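Quick notes on the structure that follows.
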Amino acid sequence: MAHPPLVLKNRRTTLERVEKFISEVYFTDCNLRGRLFGATCPVDSLSYFLTPQRIPYERAVEQEFKPTNIGDSYGPTWWTCWFCVKLSIPKNWVGKEIHFLWESDGEGLVWRDGQPVQGLTKEGEKTSYSLTDSLKEQEPHSLTLYVEMACSGLFGTGNNCMIAPPDPNRKFVLQRTELVVFNRDVHELLVDFETLLDMAKFLGEENQRSFQALYVANQMVNMCDVTDPSTFPKVRQLSSSFFSQKNGDSQHLIHALGHCHIDTAWLWPYEETIRKCARSWVTVIRLMEKNPDFKFLCSQAQQFEWVKNWYPGLYLQIQDYVKRGQFIPVGGTWVEMDGNLPSGESMVRQFLQGQRFFQQEFGKLCTEFWLPDTFGYSAQLPQLMCGSGIKRFLTQKLSWSLVNSFPHHTFFWEGIDGSRVLTHFPPGDSYEMKGRVEELLKTLKNNRDKGRVNHSAFLFGFGDGGGGPTQKMLDRMKRMTDTDGLPRVQQSNPELFFSSLEKDTKQLCTWIGELFLELHNGTYTTQAQIKKGNRECEQILHDVEIVSSLALSQKSSFQYPSARLQKLWRLLLLNQFHDVVPGSCIQRVVEDALMYYGDIRSTGAQLLNEALKSLLGGVSAIRTDKSFTVLNTLPWERTEVISRAELAGGETLALVKVPSMGFTTVFESLTPHHPVTVTCQAEDGVVIMENGLIQVHLNPMGHVISLRLLASDREMISSGNHGNQFVIFDDIPLYWDAWDVMDYHLETRKPITTLLSPVEIVSTGGLRGAVKFSMRISEKSLITQEIVLDALCPYLRFHTEVQWYESHKFLKVEFPVRLRNMNATYEIQFGHLQRPTHWNTSWDWARFEVWGHKWMDLSEYGVGMALLNDCKYGCSVHQNVMTLSLLLSGRGRDSECTQP
Numbered sequence: 001m002a003h004p005p006l007v008l009k010n011r012r013t014t015l016e017r018v019e020k021f022i023s024e025v026y027f028t029d030c031n032l033r034g035r036l037f038g039a040t041c042p043v044d045s046l047s048y049f050l051t052p053q054r055i056p057y058e059r060a061v062e063q064e065f066k067p068t069n070i071g072d073s074y075g076p077t078w079w080t081c082w083f084c085v086k087l088s089i090p091k092n093w094v095g096k097e098i099h100f101l102w103e104s105d106g107e108g109l110v111w112r113d114g115q116p117v118q119g120l121t122k123e124g125e126k127t128s129y130s131l132t133d134s135l136k137e138q139e140p141h142s143l144t145l146y147v148e149m150a151c152s153g154l155f156g157t158g159n160n161c162m163i164a165p166p167d168p169n170r171k172f173v174l175q176r177t178e179l180v181v182f183n184r185d186v187h188e189l190l191v192d193f194e195t196l197l198d199m200a201k202f203l204g205e206e207n208q209r210s211f212q213a214l215y216v217a218n219q220m221v222n223m224c225d226v227t228d229p230s231t232f233p234k235v236r237q238l239s240s241s242f243f244s245q246k247n248g249d250s251q252h253l254i255h256a257l258g259h260c261h262i263d264t265a266w267l268w269p270y271e272e273t274i275r276k277c278a279r280s281w282v283t284v285i286r287l288m289e290k291n292p293d294f295k296f297l298c299s300q301a302q303q304f305e306w307v308k309n310w311y312p313g314l315y316l317q318i319q320d321y322v323k324r325g326q327f328i329p330v331g332g333t334w335v336e337m338d339g340n341l342p343s344g345e346s347m348v349r350q351f352l353q354g355q356r357f358f359q360q361e362f363g364k365l366c367t368e369f370w371l372p373d374t375f376g377y378s379a380q381l382p383q384l385m386c387g388s389g390i391k392r393f394l395t396q397k398l399s400w401s402l403v404n405s406f407p408h409h410t411f412f413w414e415g416i417d418g419s420r421v422l423t424h425f426p427p428g429d430s431y432e433m434k435g436r437v438e439e440l441l442k443t444l445k446n447n448r449d450k451g452r453v454n455h456s457a458f459l460f461g462f463g464d465g466g467g468g469p470t471q472k473m474l475d476r477m478k479r480m481t482d483t484d485g486l487p488r489v490q491q492s493n494p495e496l497f498f499s500s501l502e503k504d505t506k507q508l509c510t511w512i513g514e515l516f517l518e519l520h521n522g523t524y525t526t527q528a529q530i531k532k533g534n535r536e537c538e539q540i541l542h543d544v545e546i547v548s549s550l551a552l553s554q555k556s557s558f559q560y561p562s563a564r565l566q567k568l569w570r571l572l573l574l575n576q577f578h579d580v581v582p583g584s585c586i587q588r589v590v591e592d593a594l595m596y597y598g599d600i601r602s603t604g605a606q607l608l609n610e611a612l613k614s615l616l617g618g619v620s621a622i623r624t625d626k627s628f629t630v631l632n633t634l635p636w637e638r639t640e641v642i643s644r645a646e647l648a649g650g651e652t653l654a655l656v657k658v659p660s661m662g663f664t665t666v667f668e669s670l671t672p673h674h675p676v677t678v679t680c681q682a683e684d685g686v687v688i689m690e691n692g693l694i695q696v697h698l699n700p701m702g703h704v705i706s707l708r709l710l711a712s713d714r715e716m717i718s719s720g721n722h723g724n725q726f727v728i729f730d731d732i733p734l735y736w737d738a739w740d741v742m743d744y745h746l747e748t749r750k751p752i753t754t755l756l757s758p759v760e761i762v763s764t765g766g767l768r769g770a771v772k773f774s775m776r777i778s779e780k781s782l783i784t785q786e787i788v789l790d791a792l793c794p795y796l797r798f799h800t801e802v803q804w805y806e807s808h809k810f811l812k813v814e815f816p817v818r819l820r821n822m823n824a825t826y827e828i829q830f831g832h833l834q835r836p837t838h839w840n841t842s843w844d845w846a847r848f849e850v851w852g853h854k855w856m857d858l859s860e861y862g863v864g865m866a867l868l869n870d871c872k873y874g875c876s877v878h879q880n881v882m883t884l885s886l887l888l889s890g891r892g893r894d895s896e897c898t899q900p
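Here it is in structure tokens:
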């Protein structure tokens, strides 16, 4: 018998031959890909109902549906289109695997018998719903499905660019809907070919196994007759034999973890996230039904609560799979919050609310903190994790750093108090792998701790906009479980993964302090109203809890508002999601966030008033023409000037002393031993303010030309310079508009010098002195500032209002001081952190813009100066110049970001 001639194989032509054999574009009339679907059948009828609201299934099916056709478009943006699809399966399809195909621009959710059963997202490679694996004669051949299509895509509704603002008038097209016979044997062969082809490509020409994979794939093409399915088993025997050639025992082990990062809000509003959760998670449940070894990890208690309230049937299935150990809650927080901006108390509440929810709903606490996508990590987080029963941490965002590569993937992270947590960054540098050969090899190659650890996490599934894992991803990894030439892969879970790491940690390194992301540092300043709302609402909830606790300690009949406070805290924690409080979200999310802050303010004020009435016994507060009551919610005694409204109108000032965490009734103002004086020098217009502690000189432009400590006669402003200098910079990043501020923005510095009205005295002294001035930023934008000095107060206060109409500009204020230190100190959650004031190394100058909370300080021995703020986070200290970032107007996803 004659054998076919041996051909000296050319690598390129052989590779391309296999590529074309499984191509979705070329030769589909005669290649294997073209046989994936067998017979097809159009739907019996297709009708729709369009609504601007997100309504439940029960209401939707009662509406009037109108006929529609494939190719029609629906919208506008954020509307919802419900489709009623009637199907009849041909009788001669008995014994076949039947799929319902659906392709549309909008994300879809299939409903069957009143329950969600499958998410449909073309961008997430989910365009079919399996009706049956093998149609039986007794099964119904006619059925009705409903498809709920959101008029938005996996990544929102921007045009031509993912981070573009939403197009409010965008329409979404239905491209395909039909019944098909799905050829499972063809699917399996396609995955075989794809895996072999990727091994041939990515193992490289210097690798023997690369050529083995290529030649096996080529031989399979020779043997496979796409018109004769009887040839398929022998072809599969070839691939199975190849994949069964195993690794050695020392080969690296990759722990595959099903994952679906869903941004709680970003390029879509909160309400759409609820549906993204349903679409993603119901698809995961379908995968679990067919793949009992598949594990899926899911964080963010808020999203679980949404699904519980909106999709109770789906939630019951999730609870069942949690018990089976396949659907695994992780993270322990209410949302995946920003890692920098929330206060210490807010971060504690993230863990408290998250862990409490998981304990109540699933009977277990999370043992790992899961924060894969946030813009840096506070040095206080290890202590907060340990206090919440968590000793393990996973993230990957530091791989985005623009300047320096972080030196580890597995290490111990130590916080400011010495608390340590075992930390892992997946070496593949992604939380949305697709289970491909290239990704496994990258995970192995990138690992910076080779020799110290032999385990890596591999998070697979479509993410950010949801979607999650697919059957094809699972099928790919089955072939790579233990095959020579590749790292070993196993479906795993966080407990198995971290416990494997913990078996030998002696060689792991330790990183002390913050994990600073060298990117996205514009998020410390973007969307000033959100930053202001966050800080104010944190303070409101603090005060309500203090006063309510005091009221309860004084009167046992007082009803502590636990339930209402929890609701307010959860609203605040929701807004601390890592694309909301940073401001990297669309305008509609900003509007929702500001609305929630308004709810917290109004309800918080009501709760505070109720607690005050109980605490003070109606003194309200105990206020008459001759007396009033002052409350101090801070843990130290305070002597300050306060302003109070008169019953007859107007305001008066009073100097009062109030004990720590207490109150006092004031009958008359204290008299300062050194009242405030404010004078203006006629010759140069310089205003001098003094209160016995400090003396301030202000020039007509509002610049602080002198700030002197009177006790030591120490001048704090650098010679030849002046403080309170407003400066503006161009803000044009490389790509992530409103996320990023690039180092080169510092080269565009322009002082604000156009004076509208010079400094004028508005309060001449006594208990308070004040001056006011205004400056022009541009033709439309203005700054108005009042500078205030109170009696017995060791600091100046700056009340600044900006009418802001700029685009791609960055406004800051500078204070060059007469101090020198290699490090400046910044407040963080429950502590402080020192950062260098020099740019000696790339690690130093990559921190040209950093974050802090209420203060930053530059000190020498025995003397120093601090800048305090009530609603800002972005800042820096370089050499002796202390700078507070005020407003950033990158437009990005929010076209209204330039509005005041």
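All the letters of the sequence shown, read from the start, carry residue numbers 1 to 900 under the UniProt record's numbering.
The C-beta atom is built at its ideal place from N, Cα and C for all residues, glycine as well.
Since the structure is predicted, the reported quantities are computational estimates derived from the model, not experimental observations.
Residue closest to residue i, alpha-carbon to alpha-carbon, out of the options
i	options	result
Tyr873	Leu612, Thr800, Arg835 and Ser343	Ser343
Arg564	Glu545, Asn575 and Ser553	Glu545
Arg628	Val235, Leu653 and Gly325	For the sequence presented, residue 628 should be read as Phe rather than Arg. Considering only alpha carbons, the answer is Leu653.
Glu414	Leu384, Gly468, Thr510 and Asn446	Thr510
Leu371	Ser299, Ile512 and Ala200	Ser299
Val686	Pro635, Phe773 and Ile728	Phe773
Gln237	Asp249, Val580 and Cys224	Cys224
Leu459	Asp579, Gly428, Lys478 and Gln317	Gly428
residue 907	Gln175, Val226 and Glu683	The shown model of the chain, from 1 to 900, leaves out residue 907, and the question about it has no answer.
Phe172	Ala164, Thr603, Leu189 and Glu148	Glu148
residue 937	Lys531, Thr526 and Arg570	The structure shown has nothing for residue 937, since the chain only spans 1 to 900.
Gly890	Gln587, Gln491 and Pro168	Gln587
Element boundaries [beta strand (DSSP E), containing residue i]
i	result
Leu422	Arg420 to His424
Tyr826	Asn823 to Ile828
Phe516	Counting along the chain, Phe516 falls outside any beta strand (DSSP E), and DSSP gives it neither H nor E.
Span separating the alpha-carbon of residue i from that of residue j
i	j	result
Gln681	His697	10 Å
Ser620	Leu707	Bear in mind that a pLDDT of 47 at Ser620, under 50, signals an unreliable position, so the number given afterwards is only what the model happens to contain. Answer to the nearest angstrom: the Cα atoms are 39 Å apart.
Leu796	His722	15 Å
Pro700	Arg835	34 Å
Val813	Asn724	6 Å
Ala164	Trp736	10 Å
Ser557	Ser548	12 Å
Gln539	Pro635	14 Å
Gly108	Asn218	39 Å
Ser859	Ser152	52 Å
Residue i burial status per 10 Å Cβ neighbour count (16 or more: buried)
i	result
Tyr744	exposed
Phe242	buried
Asn340	buried
Gly466	buried
Cys366	buried
Gln899	For Gln899, the predicted model reports a pLDDT of 45, less than 50, meaning its position is unreliable; a value from the coordinates is still stated below. Answer is exposed; the Cβ neighbour count stays below 16.
Leu888	buried
6 Å Cβ shell around residue i - same chain, five flanking residues per side excluded
i	result
Asp482	Lys246, Asn247 and Arg488
Asp857	Thr825, Gly864 and Ala866
Terminal residues of the alpha helix (DSSP H) in which residue i lies
i	result
Ser562	Ser562 to Asn575
Thr525	Element bounds for Thr525: n/a, residue is neither H nor E.
Gln53	Where Gln53 is concerned, there is no enclosing alpha helix (DSSP H), given that its DSSP letter is neither H nor E.
Phe246	Reading off the sequence, residue 246 comes out as Lys, not Phe. Per DSSP, Lys246 belongs to no alpha helix (DSSP H) and is neither H nor E.
Trp843	Ser842 to Trp845
Chain-order list of residues whose beta-carbon lies under 8 Å from that of residue i (same chain, five-residue window excluded)
i	result
Gln350	Thr333, Trp334, Val335, Met337, Pro342, Leu573 and Gln576
Val117	Val110, Trp111, Tyr129, Val282 and Arg286
7 Å CB neighbourhood of residue i in its chain, flanking five on each side removed
i	result
Gly114	Tyr57
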